[in-house]
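Novice: For reference, the structure I am asking about is given below.
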Amino acid sequence: MQIRGLVQGVFFRDTVRRIAARYEVHGFVRNVGTNVVEIEAEGAPNVVNAFIADVLAHPPPGARIDDARSKAVAVLGETGFSVKGDLHQSIGE
3 MQIRGLVQGV FFRDTVRRIA ARYEVHGFVR NVGTNVVEIE AEGAPNVVNA
53 FIADVLAHPP PGARIDDARS KAVAVLGETG FSVKGDLHQS IGE
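Take the sequence shown: its letters are residues 3 to 95, numbered as in the numbering used here.
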């Protein structure tokens, strides 16, 4: 899922991590560009859907969600839920 808006510098990724812990979903959250956060969540479909709904309904103070798009992707087999660095830093740009 990608979320666009005021999602950087407002503890958005840490908030997503805390919500993920409550739902026991696996995956990660990372910045992928200016004002864009990507979430990859794995778990039972009903649990992942509830997790996503909670993230969208309870962003941290100061955040603003302008757009959210999700799509099914191949399961990566993540264990736990982590906050990853920025995508552009991960690929060396």
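For glycine and all other residues, C-beta sits at the position ideal for the given N, C-alpha and C.
For H28, count neighbouring Cβ atoms within 10 angstroms of its own Cβ and tell me buried if that reaches 16, exposed if not.
Specialist: buried
Novice: Taking only runs of the beta strand (DSSP E) that begin and end inside the segment 32 to 67, which ones reach a length of at least 3 residues, in chain order?
Specialist: Annotation: the segment 32 to 67 contains the following complete segments of the beta strand (DSSP E) (minimum length 3 residues), in chain order: 38 to 44.
Novice: What are the residues that DSSP puts in a beta bridge with I5?
Specialist: Per DSSP, V39, A70.
Novice: What does a CB cutoff of less than 6 angstroms around S92 pick up in its chain, not counting 5 residues either side in sequence?
Specialist: Because the pLDDT of S92 is 45, which lies under 50, any placement of that residue in the model is unreliable, and the number read from its coordinates should be weighed accordingly. The answer is none, since no qualifying residue turns up.
Novice: Suppose the cutoff is 6 angstroms on Cβ atoms and the five residues either side in sequence are ignored; what does the same chain contact list for G64 look like?
Specialist: V12
Novice: Tell me the DSSP secondary structure of V18 in three-state form.
Specialist: helix
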